[in-house]
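Enquirer:
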DNA sequence: TGTTATGCATAATAAACTTATGTATTAATT
DNA sequence: AATTAATACATAAGTTTATTATGCATAACA
């Protein structure tokens, strides 16, 4: 089962959603969590993830905390207040998008 | 109600799906049909649509027929045999993607 | 001790859009 | 009658957002 390649635009939403559930996470943890939740369907590449995290931080949606774990430093991210709001907005947009796409997959009668 | 901006990667699927329903359509018709079906939620821009149609044609998924209607020429597209197969594949991929995303929106218990 | 997993990062490239134009005909409005 | 909106196609420049390919470093496993 090859991983789905159709999620362009939704990575940011995925990150924000996870952080609104798990309070704080580090990059590698996010890739593993996504893999676990989607049963391997979605593979977040690091080349996409890290720039995305940096951008969200730069925009003021995430804040950073460094935690040293057995000689290695993890970079934890958590939502700012603004980031929590952004997460809500993005989730609403995603839900709305999915509803919209349903109109295509399962077209109703009388809409022609 | 601003139009959704999250459909990157799904435009091709939308085109193929419409053509598998309506047999043959021309570009402008597609933009109007999408607007109608999604109640204005999705606005297919022409800058995205036409290059997309040209690409699908170049890939052998669409074939073209010109029809003159009151002094103006419409460019009708229809699925080739290969295009019909591609439409099925893309639709399956989209459905799979949406199932996957549901795992995020409505996380199950026991998946941590 | 070598491979796999953990952990972060960036650069080059590609894909797929948006925005801005351009051209032209037909229908509707004022 | 003249202007605007709708119909109809198209491309070019720029942006966003991903992929692929690297690079570096530590920890765990075999």
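Chains as they are written, first to last, in the numbering used here: chain A, 1 to 112; chain B, 113 to 224.
For glycine and all other residues, C-beta sits at the position ideal for the given N, C-alpha and C.
Can you tell me where the beta strand (DSSP E) holding residue 189 of chain B begins and where it ends?
Expert: Position 77 of the second chain, counted from the start, is the residue given in the question as residue 189 of chain B. Here the beta strand (DSSP E) through residue 189 of chain B covers 184-191.
Enquirer: Would residue 154 of chain B count as contacting chain A if we go by Cβ distances under 7 Å?
Expert: Here residue 154 of chain B corresponds to residue number 42 of the second chain, with the count starting at 1. Yes, residue 154 of chain B lies at the interface with chain A (some Cβ there is under 7 Å from its Cβ).
Enquirer: Just verifying my parser: in three-state terms, what is the DSSP assignment at residue 24 of chain A?
Expert: Locating residue 24 of chain A in the first chain gives position 24, where the first residue counts as 1. Reduced to three states, the DSSP call for residue 24 of chain A is strand.
Enquirer: Thinking residue 62 of chain A and residue 78 of chain A are a contact (beta carbons under 8 Å), I'd like their distance in whole angstroms, please.
Expert: Counted from its first residue, the first chain places residue 62 of chain A at position 62. Counted from its first residue, the first chain places residue 78 of chain A at position 78. About 7 Å; that satisfies the 8 Å criterion.
Enquirer: Hey, how far is the Cα of residue 20 of chain A from the Cα of residue 140 of chain B?
Expert: Taking the first residue of the first chain as 1, we reach residue 20 of chain A at position 20. Taking the first residue of the second chain as 1, we reach residue 140 of chain B at position 28. Cα-Cα distance, rounded: 41 Å.
Enquirer: Work out the CA separation of residue 71 of chain A and residue 207 of chain B for me, nearest whole Å.
Expert: Stepping through the second chain from its first residue, residue 207 of chain B is reached at position 95. Stepping through the first chain from its first residue, residue 71 of chain A is reached at position 71. Answer to the nearest angstrom: the Cα atoms are 44 Å apart.
Enquirer: Quick one, are the C-beta atoms of residue 75 of chain A and residue 66 of chain A less than 7 Å apart?
Expert: As a position in the first chain, residue 75 of chain A is number 75, starting the count at 1. As a position in the first chain, residue 66 of chain A is number 66, starting the count at 1. It is a contact, given that the beta carbons lie within the stated cut-off.
Enquirer: Here's the rule: buried if 16 or more other CB atoms are within 10 angstroms of the residue's CB, otherwise exposed. What is residue 151 of chain B?
Expert: The residue you call residue 151 of chain B lines up with position 39 of the second chain. Exposed is the call here.
Enquirer: Just to confirm, is the Cβ distance from residue 14 of chain A to residue 215 of chain B under 7 Å?
Expert: Taking the first chain and counting its residues from 1, the one referred to as residue 14 of chain A is at position 14. Taking the second chain and counting its residues from 1, the one referred to as residue 215 of chain B is at position 103. No. Outside cutoff.
Enquirer: Which residues in chain A have a C-beta closer than 7 Å to the C-beta of residue 216 of chain B? List them in chain order.
Expert: The sequence position of residue 216 of chain B within the second chain is 104, counting from 1. Within 7 Å Cβ-Cβ: 14, 17 and 37.
Enquirer: Sort A:11, A:26 and A:30 by Cα distance to residue 68 of chain A and report the nearest one.
Expert: Residue mapping note: residue 68 of chain A aligns to position 68 of the first chain, counting from 1. Comparing Cα positions, the closest option is A:26.
Enquirer: Secondary structure at residue 214 of chain B, three-state DSSP: helix, strand or coil?
Expert: Stepping through the second chain from its first residue, residue 214 of chain B is reached at position 102. Helix, per DSSP.
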